[in-house]
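Student: Take the position in the sequence shown, starting the count at 1, then add 416; the result is the number in this note's numbering. Here a beta-carbon is modelled for each residue, glycine too, at the ideal position from N, C-alpha and C. If you're wondering where the values come from, they're calculated on a predicted model, not measured in any experiment.
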Amino acid sequence: MKYGIIGYKGRMGKEISQLFEENGNQLVWGYDKDGEFSKEVPEILIDFSLPEVFEKTVNYVKKFNVPLIIGTTGLSDNQIYTLKNLAKNVPVVQSYNFSIGIQLFLKMIDVLKDSTNGWDVEITETHHRFKKDKPSGTAKMLKERCGKDVPISSLRLGNVPGDHTIYLSNLGEVLSISHRALSRRAFAEGVLKSAEFVMNKDNGFYTFSDII
Ligand code: NAD
417 MKYGIIGYKG RMGKEISQLF EENGNQLVWG YDKDGEFSKE VPEILIDFSL
467 PEVFEKTVNY VKKFNVPLII GTTGLSDNQI YTLKNLAKNV PVVQSYNFSI
517 GIQLFLKMID VLKDSTNGWD VEITETHHRF KKDKPSGTAK MLKERCGKDV
567 PISSLRLGNV PGDHTIYLSN LGEVLSISHR ALSRRAFAEG VLKSAEFVMN
617 KDNGFYTFSD II
């Protein structure tokens, strides 16, 4: 694939381009704070930046008329609505977490939530000190899957790529499920899978669950 990255100088941008290159793909276009570089027209765009870059991303997708994979967190309801509209014209994959483990975590919540009525449920998330949004998009996804108002506690520590735990407790016991991303490679692998999936797909809005 000849691909482009919005936020190509960032932590995720670099991890994604390293993995994509290892798999024989070519970074031909990029956009970051200091502007744009362009060697060729990209066949697919990937956005791991910030919500304030979103409008630019939408304009670039329209300009190149190519599929979009977007992992940027902290998007507003309006921005998600815009993505769903954009997906009428190109394939769009959006997820706040591109790791396989978190997809399995979501399925575990489906199993647990019906059997733990009346239990206390809380979520904790820990991320590196540079993370801008709080709580994390993943914690919000886990909460949404619980189908009720679950408190989320956030820690910002060192260089942690992403830890999430859900605690469920009645008066006699505590059940917890945890996920730890060991490196950003876990997310990059999911982005590569998504890119390969979406290249020849019909227009539409896809999540990472659809892909795996
Ligand atoms: P980062 O800060 O290292 O990278 C962001 C990049 O965007 C930087 O290179 C920065 O220069 C660029 N940028 C910022 N403002 C810009 C602007 N106005 N114009 C152009 N470029 C701009 O962050 P990161 O750790 O790589 O994370 C990027 C995003 O991806 C965050 O929203 C993060 O929460 C999210 N993320 C998502 C997943 C997932 O699986 N969905 C996983 C990890 C991180």
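1. Which whole runs of the beta strand (DSSP E) in the stretch 465-508 are 3 residues long or more, in chain order?
2. Let me check understanding here. Comparing Cα to Cα, which of N481, L520 and L573 lies closest to K504?
3. If you drop the 5 nearest sequence neighbours on each side, which residues of the same chain put their C-beta closer than 7 Å to that of S454?
4. Alpha carbon to alpha carbon, how far is V590 from M524? Give it in angstroms, no decimals.
5. Tell me whether R572 sits in a helix, a strand or coil according to DSSP, three-state version.
6. Mind pulling the alpha helix (DSSP H) runs of 4 or more residues that sit fully within the stretch 517-600?
7. Roughly how many angstroms lie between the CA atoms of L443 and N533, to the nearest whole one?
8. Quick one: using the 10 Å Cβ neighbour count with 16 as the cut-off for buried, is F464 buried or exposed?
9. Go to S454, then tell me how far its beta strand (DSSP E) extends in each direction, as first and last residue.
10. Which same chain residues end up closer than 7 Å to K559 when comparing Cβ atoms and leaving out the 5 residues on each side of it in sequence?
11. Check this for me: beta carbons of S610 and Q519, under 8 Å apart or not?
12. Near K550, what residues of its chain come up, given a Cβ to Cβ distance below 7 Å and the 5 sequence neighbours on each side ignored?
13. Starting from the C-beta of N441, find all residues in its chain whose C-beta is less than 7 Å away, skip the five residues before and the five after it, and write them out in chain order.
14. Do L573 and T542 have their beta-carbon atoms positioned less than 8 Å apart in this structure?
15. Per DSSP, what kind of secondary structure is K609 in: helix, strand or coil?
Tutor: Considering the structure as presented:
1. 484-486
2. By one-based count along the sequence shown, residue 504 stands at place 88. For the residues N481, L520 and L573, the minimum Cα distance to K504 belongs to N481.
3. Here residue 454 refers to the residue found at position 38 when the sequence shown is read from its first residue. Counting only Cβ-Cβ distances below 7 Å, and skipping sequence neighbours, we find W445.
4. In the sequence shown, residue 524 corresponds to position 108, counting from 1. In the sequence shown, residue 590 corresponds to position 174, counting from 1. Their Cα atoms are separated by approximately 16 Å.
5. Here residue 572 is taken as the residue at index 156 of the sequence shown, counted from 1. Here R572 sits in strand by DSSP.
6. 553-562
7. Counting from one through the sequence shown, the residue named residue 443 turns up at place 27. Counting from one through the sequence shown, the residue named residue 533 turns up at place 117. Distance between the alpha carbons of L443 and N533 is about 49 Å.
8. In the sequence shown, the residue the question calls residue 464 occupies position 48. Label assigned to F464: buried.
9. Translated into the one-based positions of the sequence shown, residue 454 becomes position 38. Element bounds for S454: G451 to S454.
10. Within the sequence shown, numbered from 1, the residue matching residue 559 stands at position 143. I539, V566 and I568, listed in sequence order.
11. On the sequence shown, position 194 is the one that residue 610 refers to. On the sequence shown, position 103 is the one that residue 519 refers to. For S610 and Q519, no; Cβs fall outside 8 Å.
12. Counting from 1 along the sequence shown, the entry for residue 550 is found at position 134. Leaving aside the five residues that flank K550 on each side, the residues in its chain whose CB is nearer than 7 Å to its CB run, in chain order, S570.
13. Here the question's residue 441 lines up with position 25 in the sequence shown. Excluding positions up to five away in sequence, the list reads M417 and Y419.
14. Taking the first residue of the sequence shown as 1, we reach residue 542 at position 126. Taking the first residue of the sequence shown as 1, we reach residue 573 at position 157. Contact flag set, yes.
15. Reading the sequence shown from its first residue, position 193 is the one you call residue 609. Under the three-state reduction of DSSP, K609 is assigned to helix.
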